[in-house]
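Here is the structure we will look at.
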DNA sequence: TTAATCACG
DNA sequence: ACGTACGTGATTAAC
C-alpha cells in the first residue's frame with residue numbers, strides 16, 4: 001500500500017525553471033520555458049517517488065498577510081516578468097488536463113498551504129515530499145516529511161533531499177530552529193530583513209547555542225561577538241518581525257479532500273493537445289502511441305519478394321499521390337558517393353490505409369527497385385519525399401513539376417526550426433507519434449505514409465499563407481538546381497593547397513616562438529582563457545574584463561592594444577595565420593574527393609531568412625577581404641578547357657530596400673548613381689557630389705549597411721567608433737533625406753507586431769516571436785530582425801530565381817558549362833571555353849532580369865583561370 | 001556540449 | 001536603465 005504524497009510549490013518551481021532554461025516559445029509566440037521546466041522536474045520526481053497523491057500549491061496574487069507586513073517594512077516585491085506571468089495560467093490548465101490537483105487560497109501563501117498539508121498528511125501516517133526551490137521550506141522537514149530542492153546544473157536537474165536530520169547536518173540547526181536562523185540572518189529572496197550585521201555564520205552560531213531568538217535575547221549580554229549582541233538588542237523588533245515573516249503557518253484552515261489529489265493517468269488526450277500546442281516534442285513521447293496509429297500500422301507491409309513487389313508497383317502506376325523514401329543499409333556512406341551507397345530498400349505509400357517497405361535482396365536488385373520507383377514517380381500526380389535533394393542521387397526524375405519535398409514545405413511554414421524530419425511532420429500535421437524504438441520496416445512505412453498523407457495538408461497551409469507560388473515556382477525547382485551544383489562540385493588543386501598550408505605552418509611556428517619570448521612563458525595561444533590571463537594578469541596590459549568567463553581577447557579589443565604592444569600585434573597575426581591554416585588550408589583538404597573536386601552541401605532549410613547555407617565544407621566563407629586569405633582562392637580552379645565566370649549583384653539588399661520602400665529619392669539615386677554611398681553622403685551631409693570627402697563616404701556607407709541590419713544608434717556608433725549621439729544624428733539626417741525608408745521600416749515593424757511575422761517580396765515568411773517579449777533587449781532584437789528579414793530574404797529570393805533561370809538555360813541547351821557555387825549575392829560558373837560568351841550573356845540576363853524592380857539590378861562579372869582572378 | 005573566435009555576405 | 005548591429009559555419013578549448 002502506497003501512502004505517499006508529493007506536494008509541489010508551484011510558483012517556486014516555475015521560477016526555477018524560468019530562470020534556469022533559455023527562452024523558448026511555441027510558433028504562436030507563447031513563452032513556454034517555465035512550463036517545460038516545471039513539467040520536466042515534476043515527471044522526474046513522480047518517476048522517482050511513484051506517489052499515490054499529488055498536489056500543486058500556488059500563491060494567489062492578492063497581497064497576503066506576510067507580504068503586507070513586508071510592504072510596510074520596505075516597498076513591494078519586484079513584479080513578475082511578463083514572459084513568466086503568461087505561463088502561470090497555462091501550467092494550471094495543463095496540470096488540470098493531466099488530472100493533477102492544484103490549490104490556491106486567498107490570504108494564504110503557497111508555503112502555508114504546503115506546510116499545513118504536510119503536517120496533516122504526516123499526522124495521517126503518510127510519507128510526504130515537498131518540492132520547492134525555496135530553502136524556507138526546510139523548516140517543514142521531519143522524519144516523514146522530506147524537502148526536495150531541484151537544482152539545474154548544466155541542463156540536468158539534480159535534487160537535494162532534506163529530512164530533519166539532513167537539515168541539522170547541513171545547517172547545524174533543527175528545522176524548527178531554522179526559522180530562528182532566518183529571523184537573524186534574513187533572506188533577500190524571500191524579503192525577510194533579518195537583523196542587520198548578522199550574517200549566516202553568526203546566526204548559525206547563536207541559534208546552535210541558544211536554539212531560539214527568544215532564548216538568545218534572554219542571554220543577550222553573553223552573546224558573542226559583541227557586534228551581534230549589540231545588533232540584537234538594538235534591532236530586537238526586526239528579529240521578532242522576521243521570525244513572524246519566516247514562520248510558515250502549519251495550521252491554516254482551508255478545504256482539502258485527499259481523494260481529489262489521487263493520481264490517475266497523467267497522459268490524457270486533453271493533456272496531449274496541450275503538449276502539442278506547446279510544442280513539447282520530447283514530452284509527447286511519454287504518451288502512448290494513439291489508437292489511430294495502431295490502426296495505421298495494420299496497413300504496413302514488408303516485402304522482399306519480387307512477385308509481390310511487382311504487384312505493388314503495378315498498383316501504384318498512375319496514382320494521384322505517391323509518398324516514398326529510400327533507406328540505406330548498415331553504416332553510413334559518404335554522401336559524396338551516394339550513388340554507390342548500399343541501399344536497404346524503399347518505402348512506398350499511395351493509398352491512405354496502406355504503406356509498403358520493399359527491401360532489396362535476392363530477387364530484388366537495387367537497380368530494378370530504383371527504376372521502378374523512378375517510373376512510379378514519373379507517372380504519379382504528385383510525388384512526395386522528405387529531403388528530395390538527397391534522393392535525387394538515386395532517382396531519375398524526368399519532370400520535376402509533380403515533385404513535392406515535404407522537408408522544404410515544412411521549412412517554409414516555419415523557418416525557425418532546427419530540423420524537419422518526417423517524425424516532426426507526422427506529429428504536427430497528422431498527429432501521429434512514431435515510436436523511436438519501432439522496427440526499421442515500420443519506420444520506413446511511416447516515412448512514406450507521412451509523405452503521402454502530409455503533402456496535401458502542407459500544400460493547403462502553404463496556400464493559406466500565400467507561399468504556394470514561392471514553393472512551387474522557386475523552392476521546388478531550386479532543389480534540382482542545388483542537386484546539380486552539389487554533384488558538380490568545384491575543382492581544387494590539392495598540391496597548391498598543401499603548399500599554402502605548409503607556408504602558413506612555418507609562419508605560425510615563427511610567431512609562436514616570438515610570442516613566447518615576449519610573454520616570458522609558453523602557453524596555448526589558441527586558448528582565449530590562457531591568453532587573457534597572460535596578457536591582462538601576467539603582463540598587466542590595460543583593457544581588463546569583458547565576458548562572464550574572463551577577459552575578452554576578441555580582435556576588436558586586441559586591435560586597440562596592438563600599436564602599443566608588439567606581442568598583441570603578433571597574436572593577431574598568429575590568429576590570422578592559424579585560422580587560415582586550420583579552417584581553410586587543412587580544413588578544405590579533407591574534403592577533396594577522388595575526382596579532385598569538393599562537393600560542398602547547399603542547405604535549403606537552415607536559415608531564418610531564406611538564404612542558403614553551405615556546409616561540409618562551408619564554401620560561402622572563403623576569405624576575400626584580406627589579401628593573405630584571398631590567395632587561397634587561387635586553388636579553386638576550373639577543369640581543363642574551362643574558365644570561371646563569377647558574377648555578383650551590386651548592393652542588392654540596398655536596391656531591394658529602395659524598391660520595397662518606394663522612397664523616390666533613393667530610387668532616383670539608384671537610377672543615376674555610379675556610386676551610391678557617395679551620393680548618399682552628398683545628400684545626407686548636404687555637400688556637392690564632387691566634394692564628398694572619403695570620411696563622409698565611409699560614414700554614409702556604414703549608415704547604408706546599418707539600415708539593412710535594422711539600424712540602431714548603438715550599433716552604428718560601434719561600427720564608426722563615434723558616440724551614440726553622433727550616430728543618432730546621422731540616422732536622423734538619413735531618414736530626413738529618405739523619408740520613405742523611415743516609414744517603410746516603421747510600417748514593417750508595426751506589421752510584424754500585429755501579425756507576428758514579416759514577409760519578403762515573394763511571400764516568404766519569418767516569424768518574429770521576440771517582438772512580444774517584455775525584455776527590452778529581446779524586443780529590440782525583434783525589431784531589427786523585422787527590418788532586416790524582408791530585405792535579406794527578398795535578396796535571397798531573387799538570386800534563387802536567377803539560379804533556377806541560369807540552370808534551366810544551361811541545361812536546356814545541353815551546354816557543358818555548369819553552375820558550381822552560390823555565395824548569397826554571387827554565382828560562380830565553370831564555363832566551357834567555347835560557350836564562354838553565351839554563358840556570360842545567360843548569366844547577366846538571368847541575374848538582371850530575375851525580377852523587375854523600380855531600380856535596376858546591376859551585375860558585376862569577371863572571368864579567370866581561378867577563383868582569385870575571377871572575383 | 002558550449003563559448004569564444006573569426007571567416008563570409 | 002537596459003547593453004546590440006542582420007544572416008551563416010568551422011575550429012578550438014574546456015567543461
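Residue numbers (full-length UniProt numbering): 1 to 871.
A virtual CB, placed ideally from N, CA and C, is assigned to each residue, including glycine.
- Message: I need the DSSP call for residue 99, collapsed to helix, strand or coil.
- Response: coil
- Would the beta-carbon of residue 234 fall within 8 Å of that of residue 212? no
- Item | Short Cβ contact (8 Å threshold) for residue 376 with residue 287 | no
- Among the residues of its own chain, which have a CB less than 7 Å from the CB of residue 478, if the five just before and after it don't count? Cβ neighbours of residue 478 beyond the five flanking positions: 604, 800, 803 and 804.
- Output the residue ranges of the alpha helix (DSSP H) runs that lie fully inside the region 441-489 and measure 4 residues or longer, sorted by chain position. Every unbroken stretch of the alpha helix (DSSP H) spanning 4 or more residues and falling wholly within the region 441-489 is given here in chain order: 476-488.
- Cutoff 6 Å; reference residue 658; Cβ partners in own chain excluding five residues on either side: Same-chain partners within the cutoff: 666, 667, 670 and 855.
- Query: Taking the Cβ atom as the reference point for each residue, do residue 835 and residue 816 lie within a distance shorter than 8 Å?
  - Reply: yes
- Message: Taking 7 Å as the limit between beta carbons, can you name the residues of its chain near residue 569, skipping five residues before and five after?
- Response: 562
- Query: Is the region 138-151 touching the region 193-206, taking contact as three or more C-beta pairs under 8 Å?
  - Reply: Judged by Cβ distances under 8 Å, the region 138-151 makes no contact with the region 193-206, as fewer than three pairs qualify.
- residue 700 and residue 680 look like a contact to me (Cβ under 8 Å); what is the Cβ gap, rounded to whole Å? Rounded, the Cβ-Cβ distance is 4 Å, consistent with contact.
- Message: I'd like the list of long-range same chain contacts for residue 641, defined as Cβ closer than 6 Å, with 5 residues on each side in sequence excluded.
- Response: Excluding residues within five positions, the ones whose Cβ falls inside 6 Å are 833.
- Task: Could you name the residues that DSSP lists as bridge partners for residue 660?
- Result: Answer by DSSP bridge pairing: none, since residue 660 is not bridged.
- Query: How about residue 83 and residue 773: do their beta carbons lie closer than 8 Å?
  - Reply: yes
- Straight-line CA distance for residue 232 to residue 173? 19 Å
- Item | Ranges of the beta strand (DSSP E) found wholly within the region 333-385, counting only runs of at least 3 | Counting only runs that start and end inside the region 333-385, the beta strand (DSSP E) elements of at least 3 residues fall at 343-351, 354-359 and 382-385.
- Message: Quick check on the DSSP output: the beta strand (DSSP E) that includes residue 7 runs from which residue to which?
- Response: Where residue 7 is concerned, the enclosing beta strand (DSSP E) stretches over 4-9.
- Buried versus exposed call for residue 758 [16 or more other C-beta atoms within 10 Å across all chains shown]: Label assigned to residue 758: buried.
- Query: Which residue spans inside the region 506-593 form an unbroken alpha helix (DSSP H) run of at least 4?
  - Reply: 528-532, 555-561 and 566-579
- Message: Are the CB atoms of residue 452 and residue 349 within a distance shorter than 8 Å?
- Response: yes
- Query: residue 763 and residue 609: beta carbons closer than 8 Å?
  - Reply: No, the pair does not count as a contact, with Cβ atoms beyond the cut-off.
- CB residue 877 to CB residue 476, shorter than 8 Å? Outside the displayed range of the chain (1 to 871) lies residue 877, so it cannot be described from this structure.
- Query: Is there contact between the region 265-272 and the region 116-123, where contact requires at least three CB pairs shorter than 8 Å?
  - Reply: Contact fails: fewer than three Cβ-Cβ distances are below 8 Å.
- Item | Neighbour-count burial assignment, residue 471, 16 or more Cβ in a 10 Å radius | buried
- Task: Look at the alpha carbon of residue 62 and the alpha carbon of residue 685, and state the distance between them as a whole number of angstroms.
- Result: Caution applies to residue 62, whose pLDDT of 43 falls short of 50 and renders its modelled position unreliable; the value that the coordinates give is listed next. If you take the alpha carbons of residue 62 and residue 685, they lie about 57 Å apart.
- Message: Quick check: what's the CA-CA separation for residue 86 versus residue 485?
- Response: CA-to-CA, the gap between residue 86 and residue 485 works out to about 47 Å.
- Query: For residue 128 versus residue 100, is the C-beta spacing smaller than 8 Å?
  - Reply: no
- Message: For residue 161 and residue 218, I'd like the C-alpha separation in whole angstroms.
- Response: Take the alpha-carbon of residue 161 and the one of residue 218: they are about 34 Å apart.
- Message: Quick check for students: name the residue ranges of the beta strand (DSSP E) that lie wholly in the region 765-795, counting only runs of 3 or more.
- Response: 765-767
- Inter-residue spacing [alpha-carbon to alpha-carbon] between residue 865 and residue 638: A straight line joining the alpha-carbon of residue 865 with that of residue 638 spans about 7 Å.
- Query: If you draw a straight line from the C-alpha of residue 248 to the C-alpha of residue 142, how long is it?
  - Reply: 14 Å
- Message: Taking 6 Å as the limit between beta carbons, can you name the residues of its chain near residue 648, skipping five residues before and five after?
- Response: 825, 826 and 860
- Rounded C-alpha distance that separates residue 140 from residue 113: Taking the straight line joining both Cα atoms gives about 12 Å.
- Message: Let me make sure I understand the geometry here. Which of 402, 718 and 677 has the alpha-carbon closest to that of residue 456?
- Response: 402
- Task: Look at residue 443 and residue 434 and say whether their C-beta atoms are less than 8 Å apart.
- Result: Yes. Within cutoff.
- Item | Straight-line gap, residue 650 to residue 369 (C-alpha atoms, nearest Å) | 48 Å
- Task: Closer than 8 Å by C-beta to residue 242: which residues in its own chain qualify, once you throw out the five before and the five after it? Chain order, please.
- Result: Take residue 242, set aside five residues on each side of it, and the residues of its chain with a beta-carbon closer than 8 Å to its own are 182, 183, 184, 186, 192, 193, 194 and 195, in chain order.
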